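If you want this note's numbering, it's the position in the sequence shown, counting the first as 1, plus 296.
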Amino acid sequence: MSENSVSTIYGNVGYMEIGPQNDETILLSTGGGAGYDAVQAFEWLAQEGFRVVAINRPGYYNLPLEPNYTIETHADIYHEVLTTMGISEKVHVFGVSMGGISALYYANKYPTKSLVLWSAITGKYKVNVSSTNSALGKLVLSKKGKNLISWLLLFSAKYFPKKTIQSFLKTESSLNKKERVSLSKEIVNDPKSKKEFIVFIKSLTPMSALYPGMMDEMVKTTKLGDVNWSGIKCPVFAVYSKIDADVSIDHSQRLAEQISNIKLKYVKAGGHFVWWGKEGEEVKQGTIKFFSKHSS
297 MSENSVSTIY GNVGYMEIGP QNDETILLST GGGAGYDAVQ AFEWLAQEGF
347 RVVAINRPGY YNLPLEPNYT IETHADIYHE VLTTMGISEK VHVFGVSMGG
397 ISALYYANKY PTKSLVLWSA ITGKYKVNVS STNSALGKLV LSKKGKNLIS
447 WLLLFSAKYF PKKTIQSFLK TESSLNKKER VSLSKEIVND PKSKKEFIVF
497 IKSLTPMSAL YPGMMDEMVK TTKLGDVNWS GIKCPVFAVY SKIDADVSID
547 HSQRLAEQIS NIKLKYVKAG GHFVWWGKEG EEVKQGTIKF FSKHSS
């Protein structure tokens, strides 16, 4: 693992990479509210020989937010950073949740080997009011006390991981209480899954350094007009959950209607967290196979 930054026209942009430095590079576009250090939860890709690079976005870690920036700007930042790093060949692209639409813009604009999307936002985003009004939603979206909230979240994840996971599942899925308890035990009882969960939580902190970017992306996607992804010709593998309480089914339907070379997979898993639990392991394996199939 290495963390670095490069000077660009957008400012000094940080990035983190894991895995061997070879020609099979995966650009990871992390979920909304998560820093680029979330790449550390994707060691399972590095172990398969992939070089995985996650790049900062405007509003995160003091990278300036300018009035003329759009979500498409993220793709331009990604490309400039990769080019500056000396990565000039086609890359694989991997977009998660809110990071999915940035990944789509990249694949629509720049040469791409393959594209994987997990619970991806693909167009205009409609906020789930019940999720934002939940206890967890209110904590994450609150403007106040970000340092305290960050500490509490990390403390909870470390000492009460099952309860913390259940809180996320209650907000981001339609699983009932019994199912939430069962899945949380499944995750905590698996050392790798538990470690990945802790890394995920750490990537959400300090919230004060991530909040501006998260809110900017949320506002911009709720105001998006029509989008068209028919220009994406690379192979696409998209995974969605049938019980996602955050990303509605129209996001996957849009991809099915606009992209010809696509494989869609629907799971239950942990709702928005399609990578959690036994089904989540199947999603990971399917992702590895897809990237491997479309590698040189």
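Beta carbons are placed, not taken as given, at the ideal position from N, Cα and C, and that holds for glycine.
None of these values were measured; they are calculated from a predicted model.
Out of curiosity, what's the CA-to-CA distance linking L378 and L449?
For the purposes of this step, residue 378 is taken as residue 82 along the sequence shown, with counting starting at 1. For the purposes of this step, residue 449 is taken as residue 153 along the sequence shown, with counting starting at 1. Straight-line measurement puts the Cα of L449 at about 33 Å from the Cα of L378.
Kindly indicate if chain B contains any beta-carbon less than 8 Å away from that of I383.
The displayed structure is made up of one protein chain only, and chain B is not part of it.
Bridge partners for L413 per DSSP, in chain order?
In the sequence shown, the residue the question calls residue 413 occupies position 117. DSSP lists G391, A534 as partners of L413.
Here's a check: name, in chain order, each residue in its chain whose Cβ is nearer than 8 Å to the Cβ of A342, leaving out the five neighbours to either side.
Here residue 342 refers to the residue found at position 46 when the sequence shown is read from its first residue. Within the same chain, A342 has close Cβ partners I314, G315, P316, V348.
Could you pull out every residue in the same chain whose Cβ sits closer than 7 Å to the Cβ of G331, ignoring the five residues on either side in sequence?
Working through the sequence shown from its first residue, we reach residue 331 at position 35. Around G331: Y356, Y357, S499, L506.
Between the CA atoms of L551 and T418 - distance to the nearest angstrom
The residue you call residue 418 lines up with position 122 of the sequence shown. The residue you call residue 551 lines up with position 255 of the sequence shown. Looking at the two C-alpha atoms, the distance is approximately 7 Å.
Given a threshold of 16 other Cβ atoms within 10 Å of its Cβ, counted over all protein chains shown, does E468 qualify as buried or as exposed?
Looking up residue 468 in the sequence shown gives position 172. Burial check for E468: the Cβ neighbour count within 10 Å reaches 16 or more, so the residue is buried.
According to the Cβ coordinates, are Y406 and H375 closer than 8 Å?
On the sequence shown, position 110 is the one that residue 406 refers to. On the sequence shown, position 79 is the one that residue 375 refers to. Yes, they are a contact pair.
Return helix, strand or coil for A403, following the three-state DSSP convention.
Residue mapping note: residue 403 aligns to position 107 of the sequence shown, counting from 1. Note: A403 maps to helix in three-state DSSP.
Any idea if V543 is buried or exposed, counting beta-carbon neighbours within 10 angstroms, 16 or more meaning buried?
Here residue 543 corresponds to residue number 247 of the sequence shown, with the count starting at 1. Under this definition V543 is a buried residue.
Under DSSP, the alpha helix (DSSP H) around N443 begins and ends at which residues?
Locating residue 443 in the sequence shown gives position 147, where the first residue counts as 1. Per DSSP, N443 belongs to the alpha helix (DSSP H) from 442–455.
Is DSSP giving F464 helix, strand or coil here?
In the sequence shown, counting from the first residue as 1, residue 464 sits at position 168. Judged by DSSP in its simplified three-state form, F464 adopts helix.
Tell whether a beta-carbon distance below 8 Å holds between E320 and S591.
Reading the sequence shown from its first residue, position 24 is the one you call residue 320. Reading the sequence shown from its first residue, position 295 is the one you call residue 591. Contact: yes.
K589 versus G582: straight-line alpha-carbon distance, rounded
Reading the sequence shown from its first residue, position 293 is the one you call residue 589. Reading the sequence shown from its first residue, position 286 is the one you call residue 582. Their backbone Cα atoms lie some 10 Å apart in a straight line.
If we count the other Cβ atoms within 10 Å of its Cβ and call it buried at 16 or more, is V335 buried or exposed?
Walking along the sequence shown from the start, residue 335 turns up at place 39. Result: buried.
Confirm, please, whether the CB-CB distance from Y536 to S415 is below 8 Å.
Position 119 of the sequence shown holds residue 415. Position 240 of the sequence shown holds residue 536. Yes, the Cβ-Cβ distance between S415 and Y536 is below 8 Å.
Checking 8 Å against the spacing of the C-beta atoms, do N443 and W525 come in under that value?
Looking up residue 443 in the sequence shown gives position 147. Looking up residue 525 in the sequence shown gives position 229. Taking 8 Å as the Cβ cut-off, N443 and W525 do not qualify as a contacting pair.
Report the three-state DSSP secondary structure of T583 (helix, strand or coil).
Locating residue 583 in the sequence shown gives position 287, counting from the first residue. T583 falls in the helix class under three-state DSSP.
In chain order, what residues of the same chain have a beta carbon less than 7 Å from the beta carbon of Y401, not counting five sequence neighbours either side?
Numbered from 1 along the sequence shown, position 105 holds the residue referred to as residue 401. Hits under 7 Å: I367, E368, H370, A371.
Restricting to Cα atoms, I'd like to know which of I305, P502, G567 is closest to L479.
Walking along the sequence shown from the start, residue 479 turns up at place 183. That would be G567, whose Cα lies nearest to the Cα of L479.
Who are N300's beta bridge partners in DSSP?
As a first step, residue 300 is located in the sequence shown; it is residue number 4 there, counting from the start. Paired residue(s): Y311.
L323, enclosing beta strand (DSSP E) - first and last residue:
If you number the sequence shown from 1, residue 323 lands on position 27. DSSP places L323 in the uninterrupted beta strand (DSSP E) bounded by 321–325.
Go ahead and pull the three-state DSSP assignment for S499.
Mapped onto the sequence shown, residue 499 falls at position 203. Correct three-state label for S499: helix.
Where does T418 fall in DSSP's three states?
In the sequence shown, residue 418 corresponds to position 122, counting from 1. Coil.
Residues sharing a beta bridge with D469, DSSP:
Within the sequence shown, numbered from 1, the residue matching residue 469 stands at position 173. Here the sequence assigns Ser to residue 469, which means Asp is not the residue at that position. S469 pairs with D540.
State yes or no: is the C-beta of I397 within less than 8 Å of the C-beta of T517?
Mapped onto the sequence shown, residue 397 falls at position 101. Mapped onto the sequence shown, residue 517 falls at position 221. Their beta carbons are under 8 Å apart, which means I397 touches T517 by this criterion.
Identify whether R353 lies in helix, strand or coil by the three-state DSSP scheme.
In the sequence shown, residue 353 corresponds to position 57, counting from 1. Coil.
Do you know offhand how far E578's Cα is from S470's?
Residue 578 sits at position 282 when you count from the first residue of the sequence shown. Residue 470 sits at position 174 when you count from the first residue of the sequence shown. Approximately 20 Å between the Cα atoms of the pair.
Beta-carbon gap between L465 and V389 smaller than 8 Å:
Taking the sequence shown and counting its residues from 1, one reaches residue 465 at position 169. Taking the sequence shown and counting its residues from 1, one reaches residue 389 at position 93. Their beta carbons are not under 8 Å apart, which means L465 does not touch V389 by this criterion.
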